[in-house]
Amino acid sequence: MPLNPGVTFAILVAIMHQLSDTQAADLLQKARLQLFTTIDGRTQNAS
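In this text, residue positions in the sequence shown follow the numbering used here: the first is 98, and each later residue adds one.
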């Protein structure tokens with residue numbers, strides 16, 4: 098999966114070093130929810 102324009106690996110590493118494991122897990126969970134909500138919406142619209 099490519100990074101968004103303007104987002105570099107160095108930026109991601111810097112963010113990683115600023116977050117606790119719990120904060121990172123929370124952000125990951127929110128991103129997954131957003132992703133699957135988007136996918137589910139596309140699936141329902143295609144039906």
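Ideal Cβ positions, reconstructed from N, Cα and C, are used throughout, including at glycine.
The three-state reading of DSSP puts leucine 116 in coil, since its state is none of H, G, I, E or B. Methionine 113 and aspartate 137 have their C-alpha atoms roughly 29 Å apart. Under the three-state reduction of DSSP output, glycine 103 falls in the coil class, being neither helix nor strand. Straight across, the Cα-Cα distance linking leucine 100 with aspartate 123 is about 20 Å.
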